[in-house]
Amino acid sequence: MRFSNLRPNFNRLSKLTLAASATLLGFSLSPGGSCPGLLPAVQAADKAAPADEAWKEVEKAVRPPNFPPEWQKQRPSREEYAKVVVPHALAAAAKAKEFFTQHASHPKAGEAKRFHEGMLETAANLGSDEATQLIAKLETEKLNDKSMPEDERFQIRTKSIQRAAMAKQSGGMTAVFAEFEAGIRKLMVEFPKRGEPYAMLLEVAANAEADRASVLIKEILASPAEDEVKDQAKALAKKYETLGKPLPMNFKAVDGRDVNVANMKGKVVLVDFWATWCGPCVAELPNVLEAYRKLNPKGFEIVGISFDNNKKDLVDFVAEQKMPWVQYFDGKGWKNDFGVAYGINSIPAMWLVDKKGLVRDLNAREGLADKVEKLLAEP
4 MRFSNLRPNF NRLSKLTLAA SATLLGFSLS PGGSCPGLLP AVQAADKAAP
54 ADEAWKEVEK AVRPPNFPPE WQKQRPSREE YAKVVVPHAL AAAAKAKEFF
104 TQHASHPKAG EAKRFHEGML ETAANLGSDE ATQLIAKLET EKLNDKSMPE
154 DERFQIRTKS IQRAAMAKQS GGMTAVFAEF EAGIRKLMVE FPKRGEPYAM
204 LLEVAANAEA DRASVLIKEI LASPAEDEVK DQAKALAKKY ETLGKPLPMN
254 FKAVDGRDVN VANMKGKVVL VDFWATWCGP CVAELPNVLE AYRKLNPKGF
304 EIVGISFDNN KKDLVDFVAE QKMPWVQYFD GKGWKNDFGV AYGINSIPAM
354 WLVDKKGLVR DLNAREGLAD KVEKLLAEP
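When we follow this note's numbering, the leftmost residue of the sequence shown carries the number 4, and every step to the right adds one.
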């Protein structure tokens, strides 16, 4: 589950609208002529016209809004993004509901219902209380249907749990994952034979402190989760084994500098696994830049490990954002050499190496500056 970068949800819904439904056929009759056999069809088409026109309005409404041009160069904050998208999504949801309410027998009524729910989810995920309440009401009505298939019931409950977790973002990621785990535990009780909750629990483990992660990993390995999930849990356990050990990492940076983390003893080093195309990574950048400006004079360094495929994208972004630290690039994307070696399967991932050259933190994203200052204060 990703708690940021919600725009793909909006675009996904827009891609579902392909072409307008039926196009009205017009008939040209010669003067004085008649074609009585076509008259009922023409009349039926005339009656259908208002619904077809209304559907075109729905298609128009669910398209993404026009974003400010400056967002092309500077990604918006979540609040800025929500300010534009939420009212647009709510209006689109209302338009879709109007359509399926007034034209219940139209072939596109079912798609309009999906648009309605999808737009409400988009707004709810961005913090809209109005949308959250409307979605909750819809879900309650659906869940009261005892004939609903289990898969559909599970999907509804999962979305509800994800929204509840995302609503805790103001309290930081610790609060988000605490709420997420609480919801997962409820799913385990409601759906005891399903393995999916353990895949969700794996994400909690990946963002937990080492001791807690170890407990969760053992639970996942003893669960009915799929083998792929258990393999990922084993890989995560291996990653946590790096704690308290030196981090072998040396390379020639994009700017030509030679980098060897082992030679950076005496400094606290942030190893930042990231990419320019990663929304959460970019959203985190102001915090990273601020920590660097404040603490670099005291002995704080950063090593960037880029998961980009295009070198120019990386170089241009680093220059534009004035990021002075070194960057590793091999153009392999998710198969990045260091990413594979250290089991990185989601980004941003931020590791801290202490002044003795030992890995001390695998989840340094939250409270980064405070964590760095504590490590700098150590002898």
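Glycine included, each C-beta is placed from N, C-alpha and C at the ideal position.
Since the structure is predicted, the reported quantities are computational estimates derived from the model, not experimental observations.
Residue environment analysis places residue 311 among the buried positions, since at least 16 neighbouring C-beta atoms fall within 10 angstroms of its C-beta. Straight-line measurement puts the Cα of residue 173 at about 29 Å from the Cα of residue 362.
Note on residue 63: under 16 other CB atoms within 10 angstroms of its CB, so exposed under the neighbour-count rule.
Counting only the Cα atoms, residue 291 lies some 41 Å from residue 155.
Counting along the chain, the unbroken alpha helix (DSSP H) around residue 201 starts and ends at 199 to 209. Around the C-beta of residue 322, fewer than 16 other C-beta atoms lie within 10 Å, and the residue is accordingly described as exposed. Here the region 328 to 347 makes contact with the region 248 to 261; the two share three or more CB pairs at distances below 8 Å. Listed as beta-bridge partners of residue 331 by DSSP are 308. Nearest Cα to residue 84 within the set 65, 179, 233, 286: 286. In this structure, residue 186 lies away from residue 226, with their beta-carbon atoms at least 9 Å apart. Listed in chain order, the non-local C-beta contacts of residue 68 below 8 Å within the same chain comprise 87, 88, 91, local neighbours out to five positions each way being set aside. In the DSSP annotation of this structure, the continuous segment of the alpha helix (DSSP H) that includes residue 234 starts and ends at 230 to 243. Rounded to the nearest whole angstrom, the C-alpha separation of residue 111 and residue 75 is 34 Å. Around residue 219, the same chain offers 204, 207, 208, 211 as residues with beta carbons nearer than 7 Å, after the five sequence neighbours per side are excluded.
By the CB criterion at 9 Å, residue 304 and residue 372 fall outside the cutoff. According to the DSSP assignment, residue 356 belongs to the beta strand (DSSP E) that extends over 352 to 356. Around the Cβ of residue 252, a 10 Å sphere holds 16 or more other Cβ atoms; the residue is buried.
The three-state reading of DSSP puts residue 196 in coil, since its state is none of H, G, I, E or B. Between the region 263 to 276 and the region 351 to 359 there are three or more C-beta pairs closer than 8 Å, enough to call the two in contact. Comparing alpha-carbon positions, the option among 364, 167, 190 lying closest to residue 179 turns out to be 167. Our two residues, residue 379 and residue 282, have alpha carbons roughly 29 Å apart in a direct line. Residue pairing by DSSP places residue 123 in no beta bridge whatsoever. Residue 201 places its beta carbon 9 Å or farther from that of residue 217. About 6 Å separates the Cβ atoms of residue 57 and residue 106, confirming a contact at the 8 Å cut-off. According to the DSSP secondary-structure assignment, residue 292 is paired through a beta bridge with no residue. Residue pairing by DSSP places residue 255 opposite 261 in a beta bridge. Inclusion of residue 369 and residue 247 in the CB contact set at 9 Å is not warranted, their separation being larger than that value.
Its chain contains 205, 208, 209, 216, 220, 346 as the residues whose beta carbon lies nearer than 8 Å to that of residue 239, once the 5 sequence neighbours on both sides are disregarded; these appear in chain order. CA-CA distance, residue 364 to residue 169, rounds to 24 Å. The beta carbon of residue 81 lies closer than 6 Å to none in the same chain, with the five residues before and after it left out.
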